[in-house]
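Novice:
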Amino acid sequence: MDKLSKYAQEGRIDMLYDLLQKNKDILDYVNGQPFWDTPLHLSASYGQTLFSLELLLLKPSFGTKLNSSGLSPLHVSIQKGHFTTSRKLAKHYPELVRVKGRGGITPLHQMAMTENVDVLAEFLQLSPLGIHDVTAKGETVVHVAVVNKNVAALRVLVGWMQRIDKQRILGLEDDDGNTALHVAVSTSQTEVVKLLTRYLNVNAKNIDGQTSLDITMTLSGIENEEIKKILVCRGGLKASETPKWPTEAAFLSSYRRVIGETLLGVDVYMNTGLTSDMRNALLVVAGLIVTSTYQAILQPPGGYERHRGSLPNASNIRFAMTTKFSAQFLSLNTLAFFTATLMLDLLLPLTRFNLVLKLSLSFLGMSYIFCAFSAISSAPLYVIFPFVMATLLVNIPLYVRTTSSAAAGQVFSNHQQLQFLVMSRSILKRCPAFGVEWSSSRPDGIRTLIC
Numbered sequence: 001m002d003k004l005s006k007y008a009q010e011g012r013i014d015m016l017y018d019l020l021q022k023n024k025d026i027l028d029y030v031n032g033q034p035f036w037d038t039p040l041h042l043s044a045s046y047g048q049t050l051f052s053l054e055l056l057l058l059k060p061s062f063g064t065k066l067n068s069s070g071l072s073p074l075h076v077s078i079q080k081g082h083f084t085t086s087r088k089l090a091k092h093y094p095e096l097v098r099v100k101g102r103g104g105i106t107p108l109h110q111m112a113m114t115e116n117v118d119v120l121a122e123f124l125q126l127s128p129l130g131i132h133d134v135t136a137k138g139e140t141v142v143h144v145a146v147v148n149k150n151v152a153a154l155r156v157l158v159g160w161m162q163r164i165d166k167q168r169i170l171g172l173e174d175d176d177g178n179t180a181l182h183v184a185v186s187t188s189q190t191e192v193v194k195l196l197t198r199y200l201n202v203n204a205k206n207i208d209g210q211t212s213l214d215i216t217m218t219l220s221g222i223e224n225e226e227i228k229k230i231l232v233c234r235g236g237l238k239a240s241e242t243p244k245w246p247t248e249a250a251f252l253s254s255y256r257r258v259i260g261e262t263l264l265g266v267d268v269y270m271n272t273g274l275t276s277d278m279r280n281a282l283l284v285v286a287g288l289i290v291t292s293t294y295q296a297i298l299q300p301p302g303g304y305e306r307h308r309g310s311l312p313n314a315s316n317i318r319f320a321m322t323t324k325f326s327a328q329f330l331s332l333n334t335l336a337f338f339t340a341t342l343m344l345d346l347l348l349p350l351t352r353f354n355l356v357l358k359l360s361l362s363f364l365g366m367s368y369i370f371c372a373f374s375a376i377s378s379a380p381l382y383v384i385f386p387f388v389m390a391t392l393l394v395n396i397p398l399y400v401r402t403t404s405s406a407a408a409g410q411v412f413s414n415h416q417q418l419q420f421l422v423m424s425r426s427i428l429k430r431c432p433a434f435g436v437e438w439s440s441s442r443p444d445g446i447r448t449l450i451c
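Per UniProt numbering, numbering of the sequence shown is gapless, rising by one per residue and ending at 451.
#1: Would you mind stating whether Val-158 and Leu-170 have Cβ atoms separated by less than 9 Å?
#2: Under DSSP, the alpha helix (DSSP H) around Trp-36 begins and ends at which residues?
#3: With a cut-off of 8 Å on the beta carbons, I'd call Leu-231 and Leu-200 a contact; round off their distance for me.
#4: Is Leu-200 helix, strand or coil when you go by DSSP?
#5: With Ala-239 and Gly-209 assumed to form a contact (beta carbons below 8 Å), what rounded beta-carbon distance in angstroms separates them?
#6: For the alpha helix (DSSP H) containing Pro-73, name the first residue and the last one.
#7: Are there 16 or more other CB atoms within 10 angstroms of the CB of Pro-349, so buried, or fewer, so exposed?
#8: How many angstroms separate the CA atom of Asp-18 from the CA atom of Leu-355?
#9: Going by C-alpha distance, which of Ser-127, Arg-198, Thr-291 is nearest Ala-336?
#10: Here's a check: name, in chain order, each residue in its chain whose Cβ is nearer than 8 Å to the Cβ of Ser-188, leaving out the five neighbours to either side.
#11: What residue does the alpha helix (DSSP H) around Asp-277 start on, and which one ends it?
#12: Could you give the C-beta distance for Phe-62 and Leu-40, rounded to a whole number, given that I count them as a contact under 8 Å?
#13: Expressed to the nearest angstrom, what Euclidean distance is found between the alpha-carbon atoms of Lys-347 and Gly-287?
#14: Phe-51 and Gly-11 look like a contact to me (Cβ under 8 Å); what is the Cβ gap, rounded to whole Å?
#15: Cα separation between Leu-66 and Pro-34?
#16: According to DSSP, simplified to helix, strand and coil, what is Thr-84?
#17: Roughly how many angstroms lie between the CA atoms of Leu-120 and Ala-372, to the nearest whole one?
#18: Mind checking Val-146: buried by the 16 CB within 10 Å criterion, or exposed?
#19: What separation, rounded to the nearest whole angstrom, lies between the Cα atoms of Ala-90 and Leu-74?
#20: For the alpha helix (DSSP H) containing Glu-173, name the first residue and the last one.
#21: What is the residue span of the alpha helix (DSSP H) that Lys-6 lies within?
#22: Looking at Ser-77 and Ser-45, is the spacing between their C-beta atoms short of 9 Å?
#23: Can you look up Leu-228 in the DSSP assignment and give me helix, strand or coil?
#24: Are the CB atoms of Asp-174 and Thr-140 nearer to each other than 9 Å?
#25: Just curious, the alpha helix (DSSP H) that Tyr-17 is in, first and last residue?
#26: Restricting to Cα atoms, I'd like to know which of Ile-289, Thr-262, Lys-358 is closest to Thr-334.
#27: Val-183 and His-132: beta carbons closer than 9 Å?
#28: Enumerate, from N- to C-terminal direction, the unbroken alpha helix (DSSP H) stretches of 4 or more residues contained entirely within the segment 91–130.
#29: For Asp-444, name the three-state secondary structure that DSSP assigns.
#30: So Leu-274 packs on Leu-237, CB below 8 Å; how close in whole Å?
#31: Which one of Ser-72, Gly-101, Ala-340 has the shortest CA to CA distance from Leu-282?
#32: When the Cα atoms are used, what is the spatial distance from Ile-13 to Ser-276?
#33: How many angstroms separate the CA atom of Leu-55 from the CA atom of Asn-31?
#34: State the Cα-Cα distance for the pair Gly-70 and Phe-83, rounded to the nearest angstrom.
#35: Please list, in chain order, all residues of the same chain as Ile-215 whose beta carbon is under 8 Å from its beta carbon, the five residues on each side excluded.
#36: Val-117 to Gln-79, Cα distance in whole Å?
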């Protein structure tokens, strides 16, 4: 064992293999010992990059083992400042970035404590899901950066979350209910407060029921006066001035709001309750229906015909089928088209990346309406009326999330009822019937309904 430790510190790969020829079980023996400084810990602590990579090839499990200090080899290399070794280990084995050590701290959290923002940026790209990891205290990587007053790291994290559309993580709370903004205010970090108030709810309350403005009231100094001005400018209020948030017990004790909660239930299920196979199958079927119904309006059964004796212009073109059947055809075809379009809209999550597709669906719906009206412009009223009614029934809720928020504003007339609706969404997301577990920060008003 002493020889193996020596070779790890010196980075002697040739001697490592000589030792393995004499004792083939030595790495298995080390791997079986709990909370040991493995040879990988030693090579990483001495910055022996090639030796560390060689050991990981031979025994990948070394990468996740913790020593008696609760640190993995990647933790150790960062702690010792060997960032070249850290980069190589993370590049070849990205899963090491999310290994939790002492206090639930991952190497990504650890990088947020350092000034080396280049490596932090690399870690974010190598392990994008690492931003969801929290410490034993419930702190995100954003909390860690703020606690350590690392403004440079915080700017990198904010920029990353903006670009991957994960700003929600900026507002997550730790186990004490504190957001990163609460922490920044309590430690008088003016620059951080200016940055975070652009993205966070300034009136979020911690477990003690305090807003950020309440915290500043207990502090003194020139910096805190400036922070107070920033918060007030951003709409900051004292806890006593904010509407009371109802408890889950109060929500469950209240009567059920059928329309609002049903709309939310559909929205949540479509986004979180469907498996990938189910979603793909529904997308294919809905896409085929949209295609076939649109083609049917362009080439209806029997085609189009022109009035006898009239000049060949668009106003004199109509369906070749009888008036009675054209009314039924238009109504049913329109219902099928817009129902399938609505299903496509529901199946596509409302993100900025899918916004282009959603806009395309609305443009397609408009073009369908123009095509249909050009075919029935000269038809009697009893032909046009069913088509118009069918269009209104299914085209109005094309963007169902917008419809949900509009319905919420009508069904829930006061602030407490609106908060009940938001809480309903939160409970639905955690409902085992949808097969998902969801943890989120406290919602801040109607924006949560359409985020």
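Glycine included, each C-beta is placed from N, C-alpha and C at the ideal position.
Specialist: Reading off the structure:
#1: In this structure, Val-158 places its C-beta atom within 9 Å of the C-beta atom of Leu-170.
#2: Here Trp-36 belongs to no alpha helix (DSSP H), and DSSP marks it neither H nor E.
#3: 11 Å between Cβ atoms; not a contact.
#4: Leu-200: coil per DSSP, three-state reduction.
#5: Indeed, because the Cβ distance is near 5 Å, the residues count as touching under 8 Å.
#6: Unbroken alpha helix (DSSP H) run through Pro-73: 73–79.
#7: So Pro-349 counts as exposed.
#8: Cα-Cα distance, rounded: 60 Å.
#9: It is Thr-291 whose Cα lies nearest to the Cα of Ala-336.
#10: Answer for Ser-188: Leu-219, Gly-221, Glu-223, Asn-224, Ile-227, listed in chain order.
#11: In the DSSP assignment, Asp-277 falls within the unbroken alpha helix (DSSP H) covering 276–298.
#12: With a beta-carbon spacing of about 4 Å, Phe-62 and Leu-40 fall inside the 8 Å limit used to define contacts.
#13: Note that residue 347 is Leu in the sequence shown, not Lys. In this structure, the straight-line span from the alpha carbon of Leu-347 to that of Gly-287 is close to 11 Å.
#14: Confirmed, about 4 Å.
#15: Distance from the CA of Leu-66 to the CA of Pro-34, rounded to the nearest whole angstrom, comes to 8 Å.
#16: The answer is helix: DSSP assigns Thr-84 an H, G or I state.
#17: Between Leu-120 and Ala-372, the C-alpha separation is close to 56 Å.
#18: So Val-146 counts as buried.
#19: Rounded to the nearest angstrom, the two C-alpha atoms are 8 Å apart.
#20: In the DSSP assignment, Glu-173 falls outside any alpha helix (DSSP H), carrying neither H nor E.
#21: Unbroken alpha helix (DSSP H) run through Lys-6: 2–10.
#22: Contact flag set, yes.
#23: Reading off the sequence, residue 228 comes out as Lys, not Leu. Residue state, collapsed to three classes: helix.
#24: Contact flag set, yes.
#25: Start and end: 13–22.
#26: With distances taken between CA atoms, Thr-334 lies nearest to Ile-289 out of Ile-289, Thr-262, Lys-358.
#27: No, these two residues do not count as a Cβ contact at 9 Å.
#28: When DSSP assignments are scanned along the segment 91–130, the uninterrupted stretches of alpha helix (DSSP H) that are 4 or more residues long and fall wholly within it turn out to be 107–111, 117–126.
#29: Only weak support exists for where Asp-444 lies, its pLDDT of 38 falling under 50; the value from the coordinates is given anyway. DSSP places Asp-444 in coil when its eight states are reduced to three.
#30: Not really, about 39 Å apart at Cβ, beyond 8 Å.
#31: Residue nearest to Leu-282 within the set Ser-72, Gly-101, Ala-340 is Ala-340 (criterion: CA-CA distance).
#32: The alpha-carbon atoms of Ile-13 and Ser-276 are separated by roughly 46 Å.
#33: Going by the C-alpha atoms only, they are around 12 Å apart.
#34: Roughly 20 Å between the two C-alpha positions.
#35: Counting only residues of its own chain and dropping the five nearest sequence neighbours on each side, Ile-215 has a CB closer than 8 Å to the CB of His-182, Val-185, Ser-186.
#36: Cα to Cα, the separation comes out at about 15 Å.
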